[in-house]
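Asks:
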Amino acid sequence: MSSILGTARVGEAVGGPVGGRARPRSRRTTSWSGWLFALPALVMYVVFVLRPIVTAFQYSFYDWDGITASEFVGIENYRRVLTEPELLGTIGHSFFLIIFFTLIPVTGGLLIAALLQELKLRGLVTTARTLLFLPQIIPGAAAAIAWVWMFSSNGAVNQLLRAIGLESLTRAWLGDFTWALPSVGVIGSWLGLGFCTILLISGMGKIDGSIYEAARLDGAGFFNTFRSVTLPGLRHEIGVCVTITIIAALASFDIVLMSTQGGPGSSTMVPGVLIYQLGFTESRVGLASAVGIVLTVLILAVILPIQRFFREV
Amino acid sequence: MTAAHRWIRGTRHRLVPGAAALVAASMLAACSSPGSGGAGEADTTVDPDAISTEVGDEEVEITLYDGAGLKAIDDALIEAFTEQYPNITVKTRFDPDDVQAQNAPRVLASDDPPDVARINALSDIVGNNQLTNLDPYAEAYGWNELPEGQLAMYRVDDEGVRGSGSQYTVASGFVLTGIYYNKDVAAELGVEPPTTLEELESTMAAAKDAGVTPIMSGNQTGGATFAVQMMMNNTVGKQPINDWVFNVPDATVDTPEALEAVEIVKGWVDDGYFNDDANGTDGTVALGRFVEGESLYFFSGSWDASALQDQMGDKVGFVLAPVGDSGSPLGMSDPVSNFGIPAQSDQKDAAAAFLNFLLSPEARQIVVDTGAGPSGVGDTPETEPGSLKAEVQDAFTQLVEADGQVQFVQNATSGINADWLSQTQELLAGRVSPADYLANIQGAYEEQLQ
């Protein structure tokens, strides 16, 4: 997550000098010395990002245990990924998680941000912002363990249900075939809500206050202002939220591994955990790479139209 | 975001050739087929004339690689070993247990491999030519006189089938599975520890009637698979299960005998003998709830003996799984650490001296003190009379005398554990029939062996 935001910031900072419009006369030297500055980062990028992608793509055409000689199998690994119901099922799970990782945090974040904007109480906004952002500083793996306790038979969730007389609903949430995946999703919602809210609040700060004032003078209520002023003003921020949280859903790994390892049965198995299991536990590096490549292509196929959509709206 | 787009668009004409060159370079670096060369070339045999059981008095340093959960036992063994061989220094390297199991093939293939390493996927690693064939040492030290039941766990033949062939490992000790029972709960219910399946089932019925959970199971981490295999041991028998785990060609668990066992466990599920949240409870939590007196039984292994003795004192007992029609006890039991000598080790004599030490009375006592069963043969090491560890030792002695050590079905391939886990979770949730349960596992097994 942070790396994507980081890239954007680096882009802004570098944009000026590399564009070189200010000093056209030394254009050639500037551009080459610019590359020199970028070289260390570029080398790291190629060695640790591009090369692994290329090798993973190559491995995906082999049957290889990671140690001994490999055997070229052509598109066999891809055929299996795209035809075996168990492998396809994991992709279905990660799409289901989008409801919890994206839909709930983005709509929830919008509502909270709009409410805070409406209330305009400085102290409250700061407190709410801090509280909402807290989950962001906890690593996903640690958060997952805390939630495992809360979802357990005697955990906080069931205690709460008992306290309000819903004893009949209590269960071991993460051990239930129907409820395990939504429960894992709740952990994702909890992690994503704060991130989206903070981003949207800061986006709102950029909307000209006079527009709100004008809307109010025209007699617009909370929902009208929200629909006609806030939403259009936040489209870039919403785009970033949607993009990042969808990637988090489709590429989910840490939360699932720490909370359910894909179980019970395979009811919460997602591609991220499957890749780990295939590649490291079962030493089927080729098949694991193929799942990884398919997942990457899938994420791009989902994200690119969304990017386009939010740029054009 | 938009600024980044602008920047990329603005610099594209210069970015493209540079990036293309870098990608091309990285492609070239990766163009040969993966995995050719490397550890496959290492020499796995040692010349019988070149080895020695004498390690002399020259300073030698060896490295031992194991799972972190076994650090305490390994450290104690190493301390006793270096007292006997002061000129040998043993360095250690530990990874978390599951990481060690996954990483061992890669660590063994590295330029600086350990000299003694725990080996989980034995036939894979032997097949990769990563382990030293210990036959010459076995001859020199007399390891080939060990009981057949132990040797089977150390041997791999030319086809990669375990159970016979050349020796590649020696165990530091043995784990053992059985049934822990809460003595207080048993006394309240007026039941004795079970020795037959009928007794086990009648005591569970008594517990259920009294509102006590019969079996506390942490099946989020696969606890109920122990119950399935305990029943399979009796209906299927030791040899067919070991053959399956050792990957003997055409071995199968999709048989009427195995089905009988799974039907028994399915019956327990239907009767509500397992805690109803078993699929959402992990092994550690299940152990804690057994300690609290929430259940009569806890199906587990010797690895929990120390913790249970500490927390429950004399309120807990241990028995082997009920004896079936064969009339002789059977239990899952395999090495605590199955130690081999990597092919690339350059201190094989010293490493073999360490393996031989594992069979000595001192090492056997150290292992027994931790609650596990001792490696090798000899007098039964001492335990505190009447303690839980003493009961575990008694059970282990019975098992070894009856030659009843059965391999864990979860170890048949490196991936099969995940299938037993998920299928047993389905079984407890009533989502798979016993017949499909076995067919699914057999299907996964055959696919993974391809």
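Those sequence lines, one after another, are chains A and B. Here the working numbering is used: the first residue of the first sequence is 151, the next is one more, and so on. Here the working numbering is used: the first residue of the second sequence is 70, the next is one more, and so on. Quick reminder that beta carbons are idealized off the backbone N, C-alpha and C, glycines included. Remember, predicted model here, so these are calculated numbers, not experimental data.
For residue 491/B, return the contacting residues in chain A, with the cut-off set at a CB-CB distance below 7 Å.
Replies: Those within 7 Å of residue 491/B in chain A are 413, 415 and 416.
Asks: Tell me the DSSP bridge mates of residue 250/B?
Replies: Per DSSP, 366/B and 386/B.
Asks: Along the chain, which unbroken stretches of the alpha helix (DSSP H) at least 4 residues long are found entirely within the region 100–152 of chain B?
Replies: Runs of the alpha helix (DSSP H) inside the region 100–152 of chain B: none found.
Asks: Taking all protein chains shown into account, do 16 or more other C-beta atoms lie within 10 angstroms of the C-beta of residue 205/B, making it buried, or fewer, making it exposed?
Replies: By the 10 Å Cβ count, residue 205/B comes out buried.
Asks: Are the CB atoms of residue 406/A and residue 418/A nearer to each other than 8 Å?
Replies: A contact, by the Cβ cut-off of 8 Å.
Asks: Got a sec, what are the start and stop residues for the beta strand (DSSP E) residue 205/A sits in?
Replies: Segment 201–209 is the alpha helix (DSSP H) holding residue 205/A; no beta strand (DSSP E) there.
Asks: Residue 212/B to residue 426/B, Cα distance in whole Å?
Replies: Cα to Cα, the separation comes out at about 11 Å.
Asks: Checking 8 Å against the spacing of the C-beta atoms, do residue 322/A and residue 303/A come in under that value?
Replies: Their beta carbons are under 8 Å apart, which means residue 322/A touches residue 303/A by this criterion.
Asks: Applying a beta-carbon distance threshold of less than 8 Å, which residues of chain A neighbour residue 197/B?
Replies: Per Cβ cutoff of 8 Å: 215, 217 and 218.
Asks: Helix or strand or just coil, what does DSSP make of residue 454/A?
Replies: In the structure shown, residue 454/A sits in a helix (DSSP, three-state: H, G or I).
Asks: Mind listing, in chain order, the continuous alpha helix (DSSP H) runs of no fewer than 4 residues lying wholly within the region 197–270 of chain B?
Replies: Complete alpha helix (DSSP H) runs here, min 4: 204–210, 217–220 and 252–258.
Asks: On the three-state DSSP scale, how would you describe residue 184/B?
Replies: Note: residue 184/B maps to coil in three-state DSSP.
Asks: In this structure, does DSSP put residue 285/B in helix, strand or coil?
Replies: DSSP places residue 285/B in coil when its eight states are reduced to three.
Asks: Tell me, please, whether the region 358–370 of chain B touches the region 247–257 of chain B by the rule of three or more beta-carbon pairs shorter than 8 Å.
Replies: These segments touch.
Asks: With a threshold of 8 Å between beta carbons, is residue 427/A in contact with chain B?
Replies: Taking Cβ atoms only, chain B reaches closer than 8 Å to residue 427/A, which makes this a yes.
Asks: Does DSSP classify residue 407/B as helix, strand or coil?
Replies: Note: residue 407/B maps to strand in three-state DSSP.
Asks: Between residue 157/B and residue 131/B, how many whole angstroms is the CB-CB distance? I'm expecting something under 8 Å.
Replies: Going by Cβ atoms, the distance from residue 157/B to residue 131/B rounds to 7 Å, so yes, they are a contact pair.
Asks: Out of 512/B, 308/B, 123/B and 405/B, which has the shortest C-alpha to C-alpha gap to residue 221/B?
Replies: Residue 221/B has its Cα closest to that of 308/B, out of 512/B, 308/B, 123/B and 405/B.
Asks: Within 10 angstroms of its Cβ, does residue 127/B collect 16 or more other Cβ (buried), or is it exposed?
Replies: It counts as exposed.
Asks: Would you call the CB atoms of residue 229/B and residue 316/B closer than 8 Å?
Replies: Yes.
Asks: Below 8 Å, can you find three or more Cβ-Cβ pairs linking the region 142–150 of chain B to the region 446–460 of chain B?
Replies: No, because fewer than three Cβ pairs between the region 142–150 of chain B and the region 446–460 of chain B fall closer than 8 Å, the two stretches do not touch.
Asks: Quick check: residue 241/B and residue 436/B, are their CB atoms within less than 8 Å of each other?
Replies: The answer is yes: Cβ separation under 8 Å.
Asks: I believe residue 526/B touches residue 441/B by the beta-carbon criterion, under 8 Å. Please report the beta-carbon distance rounded to the nearest angstrom.
Replies: Because chain B spans 70 through 519 in this model, residue 526/B falls outside it and cannot be assessed.
Asks: What's the gap between the Cα of residue 492/B and the Cα of residue 501/B?
Replies: Distance between the alpha carbons of residue 492/B and residue 501/B is about 8 Å.
Asks: Consider the Cβ of residue 324/A: report whether some Cβ of chain B lies at a distance smaller than 8 Å.
Replies: For residue 324/A, the answer is yes, since a Cβ of chain B falls inside 8 Å of its Cβ.
Asks: Could you pull out every residue in the same chain whose Cβ sits closer than 6 Å to the Cβ of residue 439/A, ignoring the five residues on either side in sequence?
Replies: For residue 439/A, where only same-chain residues beyond five positions count, the Cβ hits under 6 Å are 206, 209 and 210.
Asks: To which residues of the same chain is residue 283/A closer than 7 Å at the C-beta, ignoring the five residues directly before and after it?
Replies: Closer than 7 Å at Cβ, skipping near neighbours: 344 and 348.
Asks: Using a Cβ-Cβ cut-off of 8 Å (strictly less than) and excluding sequence neighbours within five positions of residue 374/A, which residues of its own chain qualify?
Replies: Contacts found: 365.
Asks: Going by DSSP in three states, residue 172/A sits in which element: helix, strand or coil?
Replies: Model confidence at residue 172/A stands at a pLDDT of 49, short of 50, so the residue's coordinates are unreliable; what they give is reported in the following sentence. Coil.
Asks: How far does the alpha helix (DSSP H) with residue 161/B in it reach, from first residue to last?
Replies: Unbroken run through residue 161/B is the beta strand (DSSP E), 157–164; no alpha helix (DSSP H).
Asks: So, using beta-carbon positions, are residue 186/B and residue 178/B closer together than 8 Å?
Replies: No.
Asks: What would DSSP say about residue 349/A, mapped onto helix, strand or coil?
Replies: In this structure, residue 349/A counts as helix in the three-state DSSP scheme.
Asks: Between which two residues does the alpha helix (DSSP H) harbouring residue 308/A extend?
Replies: First-last of the alpha helix (DSSP H) with residue 308/A: 306–313.
Asks: Quick one, are the C-beta atoms of residue 238/B and residue 407/B less than 8 Å apart?
Replies: Taking 8 Å as the Cβ cut-off, residue 238/B and residue 407/B qualify as a contacting pair.
Asks: Looking at residue 225/B: is its Cβ nearer than 8 Å to the Cβ of residue 419/B?
Replies: Cβ atoms of residue 225/B and residue 419/B: not closer than 8 Å.
Asks: Which residue comes first and which comes last in the alpha helix (DSSP H) that contains residue 244/A?
Replies: Run containing residue 244/A: 235–248, per the alpha helix (DSSP H) assignment.
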